[in-house]
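Visitor: Numbering (the numbering used here), first residue to last: 4 to 161.
Heads up, the beta-carbon is just placed ideally off N, CA and C, and yes, glycines get one too.
Dumping the structure here so I can ask a few things about it.
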């Protein structure tokens, strides 16, 4: 599961609409919740296996789409990614997910999305703008080509 606030979700959707007809993209950073609560009073957590960990997003990095065909796919600038990864390390957060938009197709990973899913621990959030005024947002884990939908929990703004 990935946790976003209403404000964060609005920010992602607004970016996707603003970059239409090109696909928008970005990185979701925050802290992982390392499993399920073992003791409600103490708030301790039991370790979870990779790919099952939930994450609470604290920062959104809007990235430039430098794809040669930005209307149908996205590609983040590796130098910009490196800068973001260094900043995340400095802030003590990690990459929880990658988001991008589908301008004319459903919120489901394409074959190319699966090929480019290099981070099995990441949530891949897809914003479909097929219905521009009523976008669909879904999240997935993609591990070795296997797609598993995960829940997006949207909380009130903090």
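Per DSSP, residue 66 is paired with what?
Guide: Position 63 of the chain shown holds residue 66. Residue 66 pairs with 28.
Visitor: Is the region 61-72 touching the region 107-127 in the sense that three or more CB pairs, one from each, lie closer than 8 angstroms?
Guide: Judged by Cβ distances under 8 angstroms, the region 107-127 makes no contact with the region 61-72, as fewer than three pairs qualify.
Visitor: Could you give the uninterrupted runs of the beta strand (DSSP E) lying entirely in the region 83-109, keeping only those of 3 residues or more?
Guide: Counting only runs of 3 or more, we get 97-105.
Visitor: Tell me whether residue 21 sits in a helix, a strand or coil according to DSSP, three-state version.
Guide: Against the chain shown, residue 21 aligns to sequence position 18. If DSSP states are grouped into helix, strand and coil, residue 21 belongs with the helices.
Visitor: Based on the DSSP output, what are the partners of residue 57 in its beta bridges?
Guide: Position 54 of the chain shown, counted from the start, is the residue given in the question as residue 57. Answer is 36.
Visitor: Answer with buried or exposed for residue 100, where buried requires no fewer than 16 other C-beta atoms within 10 angstroms of its C-beta.
Guide: Taking the first residue of the chain shown as position 1, residue 100 is located at position 97. The residue in question, residue 100, is buried, as its Cβ has 16 or more Cβ neighbours within 10 Å.
Visitor: With distances taken Cα to Cα, identify the nearest neighbour of residue 156 among 60, 30, 27 and 25.
Guide: One-based indexing of the chain shown puts residue 156 at position 153. Of 60, 30, 27 and 25, the residue nearest in Cα terms is 60.
Visitor: Look up residue 154 in the DSSP assignment and say whether it is helix, strand or coil.
Guide: Looking up residue 154 in the chain shown gives position 151. Here residue 154 sits in coil by DSSP.
Visitor: For residue 119, tell me which candidate among 146, 4, 134 and 97 has the shortest Cα-Cα distance.
Guide: Working through the chain shown from its first residue, we reach residue 119 at position 116. The option with the nearest alpha carbon to residue 119 is 146.
Visitor: Ignore the nearest five residues each way along the sequence and tell me which others in residue 76's own chain have a CB closer than 7 angstroms to its CB.
Guide: On the chain shown, residue 76 is found 73 positions in, with the first residue counted as 1. 26, 70 and 115, listed in sequence order.
Visitor: Return the first residue and the last residue of the alpha helix (DSSP H) that residue 126 is part of.
Guide: For this step, residue 126 is matched to residue 123 along the chain shown. No alpha helix (DSSP H) contains residue 126, which is instead part of the beta strand (DSSP E) from 126-131.
Visitor: Should the region 79-86 be regarded as contacting the region 12-24, the criterion being three or more beta carbon pairs within less than 8 angstroms?
Guide: Too few Cβ pairs lie closer than 8 angstroms, so no.
Visitor: Using beta-carbon positions only, say whether residue 58 and residue 5 come within less than 8 angstroms of one another.
Guide: Residue 58 sits at position 55 when you count from the first residue of the chain shown. Residue 5 sits at position 2 when you count from the first residue of the chain shown. Closer than 8 angstroms, so yes.
Visitor: Hey, would you say residue 96 sits closer than 8 angstroms to residue 32, going by beta carbons?
Guide: Position 93 of the chain shown, counted from the first residue, corresponds to residue 96. Position 29 of the chain shown, counted from the first residue, corresponds to residue 32. The answer is yes: Cβ separation under 8 angstroms.
Visitor: Hey, how far is the Cα of residue 9 from the Cα of residue 72?
Guide: Position 6 of the chain shown, counted from the first residue, corresponds to residue 9. Position 69 of the chain shown, counted from the first residue, corresponds to residue 72. Looking at the two C-alpha atoms, the distance is approximately 31 angstroms.
Visitor: Within a Cβ cutoff of 7 angstroms, which residues of the same chain sit near residue 161, ignoring the five residues on either side of it in sequence?
Guide: Along the chain shown, read from residue 1 onward, the residue named residue 161 stands at position 158. Once the five neighbours on either side are set aside, the close Cβ partners of residue 161 are 8.
Visitor: Using alpha carbons as the reference points, say which of 91, 23 and 123 lies closest to residue 148.
Guide: Indexing the chain shown from 1 puts residue 148 at position 145. Closest option to residue 148, Cα to Cα, is 123.
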